[in-house]
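Everything on this sheet refers to the single structure shown next.
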Amino acid sequence: MGSTLIDMYAKCGGHEEACRLLRDLPGRDVISWGSVISGFAQDGHGLPALELFDRMQREGVKPDNVSIVCALKACGAVGCVNQARLIHKEVIRNGLIKDTAIGNILVDVYAKCGSLEDSHKVLETLHVQDIVSWNALIAGYANYGQCGQVDQCLANIQKKGFKPDDKTYTSILAGCSHAGLTEQGHFYFNSVEQNMGNLPGIEVYSCMADLFGRSGCLKEALDLLYSTPNLPEIILWKSLLTSCRTYKNFDLGKWAFHQMCELDTQDAFAYVLMSNMYADANIWEKVVDIQDIRSIASAGKKPGTAWIKPEEKVYKFNVNSSSSPLIEEMQGKLLRLGEAIRRSNHLPELDLVCDQAPKGG
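Numbering (numbering that gives the first Met the number 0), first residue to last: 0 to 360.
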């Protein structure tokens, strides 16, 4: 019963409750540990997941395949390549490298951490390769702008009888977008239907819209939105609005904002972006108008959470929370940091805190 409750809380994001139950559970086994580790890893909280993985082993509980996969996923999320290498050695020592899920996640972790040679080596040693493992390697090469290696991987995929899927091309286009390779990304996008045998999914269109937007090709991004097989989804309008803010295109930005509001009046992202766009231009009356509309629509924003691990101890912080016992020390350090920033004449670009915005020009 205890393990079932732990699993339920972990899957629902109740990490503190899951940890409390785990702490009070007599005879903790790898399944109960794995549930909590998995919950943290799935929600992107890599450091606490790795802390629990280490603690589990210190208590003499041997990790199983599931907990190893979760720990490796956490390594990829926070870039802990050295920790991943230690786990990799244990995997080899225990003969688990034949497990497809472990092999694939190792390829993915090394690729995300920029250890592309290690990622490729692991892929070559896998007993069973599939499109998942190749997609992970392709994503790594694409993120680091190595289009030649991407082309080679695509050729190898086809030689081995695999067919590229939406994940393949979202990885490629996302990489091209971050590397600023607009023409190369457009080439890959145009080859999707030929290589996949069907129209791309909405995620592929979204990546291409982001690629156009990042490079300032806003008209091309808008044309792409209206070329989708169905009506543009909100994720596409989000991408366009983000780019409109970057390039200060108010007319197109307002159009994208209204389209987002028609699709979902309670999407906080739309109001924040449009508000910040006006704030960048010091149009404060419009900022207030957007916040009034947002308030009427009850478009709230979930407070952010961050985790840090100084000196082997994990700390959790929530936005607008003052409950930490270290709050006074943290505020003091922030004040000193602010003074140092001002002395260096650095002017940070701060997103608007709308409630504090002055009215009028």
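Heads up, the beta-carbon is just placed ideally off N, CA and C, and yes, glycines get one too.
The C-alpha of M276 is placed about 27 Å away from the C-alpha of L336. With 16 or more other Cβ atoms from the protein chains shown falling within 10 Å of its own Cβ, V191 counts as buried. In terms of Cβ geometry, V203 and T181 do not form a close pair [threshold 8 Å]. In this chain, Q145 is not harboured by any alpha helix (DSSP H), its DSSP state being neither H nor E.
Under a 10 Å Cβ-count criterion, K72 is classified as buried, with 16 or more other Cβ atoms of the shown protein chains found around its own Cβ. In the three-state reduction of the DSSP assignment, P231 falls in the coil class. Taken through DSSP and simplified to helix, strand or coil, Q56 comes out as helix.
Here the C-alpha atom of F211 lies approximately 24 Å from the C-alpha atom of A278. Between G184 and N142, the CB-CB gap reaches or exceeds 8 Å. With 16 or more other Cβ atoms inside 10 Å of its own Cβ, T167 counts as buried. When the beta-carbon positions are compared, M273 and D266 stay at least 8 Å from each other. Using a 10 angstroms sphere on the CB of H257, the tally of other CB atoms stays under 16, which defines it as exposed.
Distance from the CA atom of D288 to the CA atom of W254, rounded to whole angstroms, is 16 Å. Membership of Q128 in any alpha helix (DSSP H) is not indicated, and neither H nor E is assigned to it by DSSP. In the DSSP annotation of this structure, the continuous segment of the alpha helix (DSSP H) that includes C69 starts and ends at N64 to V77. If you check the CB distance, D107 and G75 come in under 8 Å. Collapsing the DSSP output to three states places P47 in a helix.
Taking each of V121, Y140, K111 and P231 in turn and checking the Cα distance to G102, the smallest one comes out for V121. Boundaries of the alpha helix (DSSP H) around I5: G1 to K10. Where T181 is concerned, the enclosing alpha helix (DSSP H) starts and stops at T181 to N189. Between C146 and E58, the alpha-carbon positions lie close to 46 Å from each other. Ranked by Cα distance from L262, the options C216, I340, D250 and P231 are led by P231. Annotation: D266 is outside any alpha helix (DSSP H) and is labelled neither H nor E by DSSP.
Leaving aside the five residues that flank M55 on each side, the residues in its chain whose CB is nearer than 6 Å to its CB run, in chain order, W32.
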